[in-house]
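Peer 1: For reference, the structure I am asking about is given below.
Numbering (the working numbering), first residue to last: 4 to 111.
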């Protein structure tokens, strides 16, 4: 008995299962071509999710930067800390997502 990943939901299941207990997909009836197609769709969905996260991170970064630049709050105030935090979190979040996307593309 080996542990495999469901081609539809990508959760761990036993290779003895004919139906995934998580998503109720009939994996016993799938041929190898259908399994590959489902895995390809899962990888694309995952890449799209990380692309969306990177766009949100970029918006957070740019929003903090433009607020800090144009509104010019006094240093050491709550607004200044909030804008600086938005810039830092947005930058780190963006970089992490881009690294994840690069590693996902190399796994092909």
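Cβ coordinates follow ideal geometry from the N, Cα and C atoms, glycine included.
For residue 16 and residue 41, I'd like the C-alpha separation in whole angstroms.
Peer 2: Position 13 of the chain shown, counting from 1, holds the residue named residue 16. Position 38 of the chain shown, counting from 1, holds the residue named residue 41. Roughly 16 Å separates the two Cα atoms.
Peer 1: Closest to residue 34 by CA distance: which of 75, 21 and 27 is it?
Peer 2: As a position in the chain shown, residue 34 is number 31, starting the count at 1. Closest by alpha carbon: 21.
Peer 1: Quick one, which of 80, 78, 54 and 86 has its alpha-carbon nearest residue 71's?
Peer 2: Position 68 of the chain shown, counted from the start, is the residue given in the question as residue 71. The candidate whose alpha carbon is nearest that of residue 71 is 86.
Peer 1: May I have the straight-line CA-CA distance separating residue 50 from residue 107, to the nearest angstrom?
Peer 2: On the chain shown, position 47 is the one that residue 50 refers to. On the chain shown, position 104 is the one that residue 107 refers to. The straight-line gap from Cα to Cα measures roughly 7 Å.
Peer 1: Mind checking who residue 17 pairs with in its DSSP beta bridge?
Peer 2: The count along the chain shown starts at 1 and reaches residue 17 at position 14. In DSSP, residue 17 forms a bridge with 6.
Peer 1: With DSSP as the reference, please indicate the residues paired to residue 29 in a beta bridge.
Peer 2: The residue labelled residue 29 in the question sits at position 26 within the chain shown. 22.
Peer 1: Report yes if the C-beta distance between residue 90 and residue 68 is below 8 Å; otherwise report no.
Peer 2: The residue given as residue 90 occupies position 87 in the chain shown. The residue given as residue 68 occupies position 65 in the chain shown. Taking 8 Å as the Cβ cut-off, residue 90 and residue 68 qualify as a contacting pair.
Peer 1: Report the option in 92, 77, 79 and 53 whose CA atom is closest to the CA atom of residue 101.
Peer 2: Here residue 101 corresponds to residue number 98 of the chain shown, with the count starting at 1. Among 92, 77, 79 and 53, the Cα nearest to that of residue 101 is on 53.
Peer 1: Hey, quick one: how far does the alpha helix (DSSP H) through residue 12 stretch, first residue to last?
Peer 2: Start at 1 with the first residue of the chain shown, and residue 12 comes out as number 9. Taken as a continuous stretch (DSSP letters only), residue 12 belongs to no alpha helix (DSSP H), as it is neither H nor E.
Peer 1: Could you check what DSSP says for residue 87 in three-state terms: helix, strand or coil?
Peer 2: Here residue 87 corresponds to residue number 84 of the chain shown, with the count starting at 1. The answer is helix: DSSP assigns residue 87 an H, G or I state.
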